[in-house]
Each structure stands twice: as C-alpha cells, then as structure tokens.
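Visitor: Under the numbering used here, think of the first position of the sequence shown as 195, with each following residue one higher.
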Amino acid sequence: MKKILGLDIGTNSIGAALINIPKEFSDYGKEGNIAWIGSRIIPTDGDYLQKFESGAQAETKAAFRRSKRGARRLKHRYKLRRTRLIKVFKALGWLDENFPLDDSKQFNKNINENGYSLKISDYLPFSGETISEFEKELGIDGKKSKKGKSIVPEDWIIYYLRKKALTTKITIHELVRVIYMLNQRRGFKSSRKDLKTTNVLPYNEFIEKNNKKEWGEEGIETQFVVITKIKSVTFKEEKKDKKGYVVSNTYAIEAEDQRMKTWEESRKEKPKWADDKDDNNKEIEKKEFTFLVTHKVDKDGKLTQLKPQLPTNDDWALCTTALSEKMQEGNQHPGEYFYNQIKEAYKANRNFKARQYPVYRWRYKNELDAIWEKQCELNKELNKFNAANATLTKLAEVLYPTQAKNNMPKLSEFQKHDLLHIISDDIIYYQRELKSQKIPLVNVAMRREKVLMANIMD
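1) Could you please give the first and the last residue of the uninterrupted alpha helix (DSSP H) stretch that includes W566?
2) Does DSSP put Q251 in a helix, in a strand, or in coil?
3) Which word fits G595, buried or exposed, when buried means at least 16 other C-beta atoms lie within 10 angstroms of its C-beta?
4) For S460, does the count of other Cβ atoms within 10 angstroms reach 16, so buried, or fall short, so exposed?
5) Taking A542 as part of the beta strand (DSSP E), name the residues at either end of that continuous run.
6) Let's test the definition: count the other Cβ atoms within 10 Å of the Cβ of M602 and tell me whether it reaches 16, buried, or not, exposed.
7) Helix, strand or coil: which one does DSSP assign to T484?
8) Does the Cβ-Cβ distance between N580 and L614 come in under 9 Å?
9) Determine whether the beta carbon atoms of K363 and L572 lie at a separation below 9 Å.
10) Check whether the region 479-492 touches the region 414-421, counting contact only when three or more Cβ pairs, one atom from each stretch, lie closer than 8 Å.
11) In the DSSP assignment, the beta strand (DSSP E) including E663 goes from what residue to what residue?
12) Determine the direct distance from the alpha carbon of E530 to that of Q522, and round the result to whole angstroms.
13) Cβ atoms of G204 and I215: under 9 Å apart, would you say?
14) Kindly give me the distance between the Cβ atoms of K383 and Q625, rounded to whole angstroms, as I take these residues to be in contact under 8 Å.
15) Which value, in whole angstroms, describes the spacing of the CA atoms of I305 and D472?
16) Is it right to say H270 is buried, meaning 16 or more other beta carbons lie within 10 angstroms of its own, or is it exposed?
17) Pop quiz: P502 and W457 are said to be a contact at Cβ under 8 Å. What is the actual Cβ separation, rounded to whole angstroms?
18) Short check: CB of A468 to CB of S442, under 9 Å?
19) The alpha helix (DSSP H) that contains F382, what's its start and end?
20) Would you mind working out which of Y551, Y272, A548, K407 sits nearest N377, comparing C-alpha positions?
21) Give me the residue from G438, T484, L369 with the minimum Cα distance to L423.
22) Please say whether L360 and H527 have beta carbons closer to each other than 9 Å?
23) Can you list, in chain order, the residues of its chain with a C-beta nearer than 8 Å to that of E348? Leave out the 5 residues immediately preceding and following it.
24) With a threshold of 8 Å, establish whether the CB of D451 neighbours any heavy atom of the ligand HEM.
25) Which of helix, strand or coil does DSSP assign to N214?
26) Compute the Euclidean distance between the alpha carbons of V440 and F429, then round it to the nearest angstrom.
27) Where are the alpha helix (DSSP H) runs, 4 residues long or more, that stay fully inside the region 586-615, in chain order?
28) Which of the three DSSP states, helix, strand or coil, is assigned to D171?
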C-alpha cells in the first residue's frame, strides 16, 4: 500500500488527509482507505485554543462572520419590506410624500441637516382624542411629564388600537400605525426541521405514553413552559441553624395551571407571588410567571416533577408554544393579549415587555386579517380602496413597474385579489419559497466523473 498526504491550504485554514492506496492500478476501488482526516483554523487566538484544548464549544471566525452576515441580511430585508410598505401608503395617499424612509439618500440628507432620528409619529401623530381615550382607560387621565407630554410610550397606544380595531372603527392614519408596527414585529416562522436529537418527549406524547403505561426501561421525560399565575403560597416549616436561629422558611407553592404539581421554595420572607392586593390594600391582578417544568416517569410508572426553573434563551421554542396556548385559551390575538398584559402590569405597578415573548407569525397574520375585515366593514372609504381595480393596478405599477407595463403575472395577480393581499402576502408576510434541489441532484459533477473513471478502468 502507498501512503499519500493530501493538503488543502487556504488563507484561514488547512485541511489534511492521509490516504492508503494500492500499488497496482488494477486494485483501485478494491483496496485502500482514509487513514486520517482533519482540519485546523489559522490563525487562532488564545481564547479559541484554550476552548479547543479543553473540549469546550469554540466559535470559529467563519462562524462569527456568518452570524453577522445573517444579521445584515435580516436588517436589509426588513428595510426592503418597510420601503415597499411606505410606497404603498404614499400611493394610496395615506402617508405624507415627504416621509423619507423609502428614500435612503433623502433620509441621510435630513439626518445630516437636522441631526435627529426620524420617527413615523412626526408625520402621523395620534390625535388628542385618541390619547385622552387611551389614558382614561389606563387610569392616568391628566398625568403628564415635566415637558407636558404623555407619560406612556406610543407603542402602548398602538397596542390599544390593535385591540380596539377588532371591534370598533379607527381612522385610516391609526390603521397605518397599526400596520407599520405589524411590519416591524411580524413573528417567528421557520421552514427548517428540528434536527436536534433528544429523548425529551412533547407534552401530549408524554401523556399518551404514560396513559398507555409505555415507560420503557429508562422511563420517559417531558419539558414544557407554563405561563401561569400562582394560586397560593403556604407556610410549611422553619429551617434553623445549630444555634436555633431561623435561617429560612419553606413555603409550598401551588400554581393555577393544573399541569404543575405543588413544589417548595425556601425564602426568609413569604413571597408575594399570589398577592391580589398592593401595598395600599387595593385589588390588583395577580402577576403571571413563566416556568420551565420537567416531568419524569420511571420504569415503574412513578411520576416526579423537578423544581420549576426560569426558561433560558435555549428554551425559546417552548416559550413560543406556551404563549400560543395562552392566547388560544383566552381566544385572543397577540395585540389584544399584550395590551391586556400591559394594562394589568401598569395598574399593579409592574414592568412588562412585550418584545421578550416570541409569537408565531401565523397569529400576527390572523390578527391583521381580522382587523382589516372589521375595518372594511365599518369604513366605507377603506372598503372602496380594498377592491378598486384602478387602485390595484396603480400599486402594481409602483411595486413592479416592468411587470405592470408589460402586463405580466404580478399585474393579473393583484387584480384578482384585494389590497390586503398586497400588504399582507406580498410585503409583510412574504417569504420566498425554498429553492428546488431537483436539478442540482441530477447534475452532480462528481457522479459524472465516477462514471468516466469506471469506463477507463473497464
């Protein structure tokens, strides 16, 4: 056998392989193997080498560049969607022609000349009536900041409008603000399959196997995220040190979600998790907590629950599912759900951030559909725009000038649908179909080379 060392020397890495090949040409394909194969990234800094030698997960420079490139793509695609949406609003006369975010040169010129960051509220401010109506519902009527402005963020008003628009007429300008926010936060959708191998079962499958007593030799396990309020906090016992001083108290915690079993927490003071009154003895809504719950059943069928933990960043998929179930339970759209949470948190003097919760994209899309349908029913002007053939043709000319000019597929597609289709399916929630891999699989260069070598050997 002969030995060949193959090297692939690049600017940032070296690949190497040691191959055993037969001495006789007639033995090719019958004998031989790869004795060793490997690669090294160069140059490597001290942190990478230390992680590599210790066996820890080390991020290569290529992986770092790839993550940054992915972030740039997401930002570019968001700006492209925003530009197209603004063009539609301008074509419909719903937005001032001077609004510069669809023209990067004009926008940069404004920033350089005036030195400020532009906001859509500068061009589409809320009416005093809308602000007063919102503040009255939230219970802050008459409260202002030192500069005389409202003390609540404008995002809160938009969440209020998203809830209001499901049942009551809002103005066209308010609808534009709602759609603009939905374009900013359009939810999560993935076309990838979960390639992560794990022994942890989905909750429904776990329940099914447990009912059928299919526990196996190692038992079964499930993990799920629960968004729930605490039903009760009950004192159980004191823990004392050797001198008899109380170190901590043990409390039994019971959640409202029936899937969770009662567990124990050690605290010096009783947690206020189940309180329904504030320090002034005023009734408030209980706070909702998010827990990562793990249930295990051993081979004999004994069910145990590990102590609930706070979810980490790696548990975002479970959090998304839990939030979706919570919305389904209350029959609420995301805007309606988040507004109710904001309102409860404000009245209880608690912080609440809607952006920390990932939401499935289809829920946002259903919300936009519901808002649009109700507003078309209540607003004759919007209903007129929605199906006007002249309007749809005009928008095709704005978004696809070449296709509209030559009477190509996009023009006929727009004319067959309505304005909602353009805003929702063609702009905000548009997602390119995955590229077909049929042609690349047929035209494989290495496959043709293999056939050629076989012919030579014959």
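For glycine and all other residues, C-beta sits at the position ideal for the given N, C-alpha and C.
Note that this is a predicted model, so its numbers are computed, not measured.
Guide: The structure says:
1) For W566, the enclosing alpha helix (DSSP H) starts and ends at 555-572.
2) Residue state, collapsed to three classes: coil.
3) First, the amino acid is wrong: residue 595 is Pro here, not Gly. Around the CB of P595, fewer than 16 other CB atoms lie within 10 Å, so the residue is classed as exposed.
4) So S460 ends up on the exposed side.
5) First-last for A542: undefined, no H or E at that position.
6) Classification of M602: exposed, given that the 10 Å Cβ count is below 16.
7) Strand, per DSSP.
8) Taking C-beta atoms as the reference points, N580 and L614 count as a pair closer than 9 Å.
9) The answer is yes: Cβ separation under 9 Å.
10) Yes: the two stretches touch, three or more of their Cβ pairs being nearer than 8 Å.
11) With the chain running from 195 to 652 in the structure shown, residue 663 is simply not present.
12) Straight-line spacing of the CA atoms in Q522 and E530 works out to 12 Å.
13) At a Cβ-Cβ threshold of 9 Å, I215 and G204 do not count as neighbours.
14) Rounded, the Cβ-Cβ distance is 7 Å, consistent with contact.
15) Answer to the nearest angstrom: the Cα atoms are 46 Å apart.
16) By the neighbour-count definition (other C-beta atoms within 10 Å, threshold 16), H270 is an exposed residue.
17) Rounded, the Cβ-Cβ distance is 6 Å, consistent with contact.
18) Contact annotation: A468 and S442 have beta-carbon atoms that are not nearer than 9 Å.
19) F382 -> no alpha helix (DSSP H), and no H or E assigned at all.
20) Nearest of Y551, Y272, A548, K407 to N377, Cα basis: Y272.
21) In the sequence as presented, Leu is not what sits at residue 423; that position holds Lys. Comparing Cα-Cα distances from K423 to each of G438, T484, L369, the minimum goes to T484.
22) Contact annotation: H527 and L360 have beta-carbon atoms nearer than 9 Å.
23) Same-chain partners within the cutoff: S315, F320.
24) In terms of ligand content, the structure shown is empty, and the ligand HEM therefore cannot be addressed.
25) Note: N214 maps to strand in three-state DSSP.
26) V440 and F429: Cα-Cα distance of roughly 14 Å.
27) Positions of the alpha helix (DSSP H) runs, each at least 4 residues long and wholly inside the region 586-615, are given as 595-599, 603-610 in order along the chain.
28) For the chain, the structure presents residues 195 to 652; residue 171 sits outside this window and is missing.
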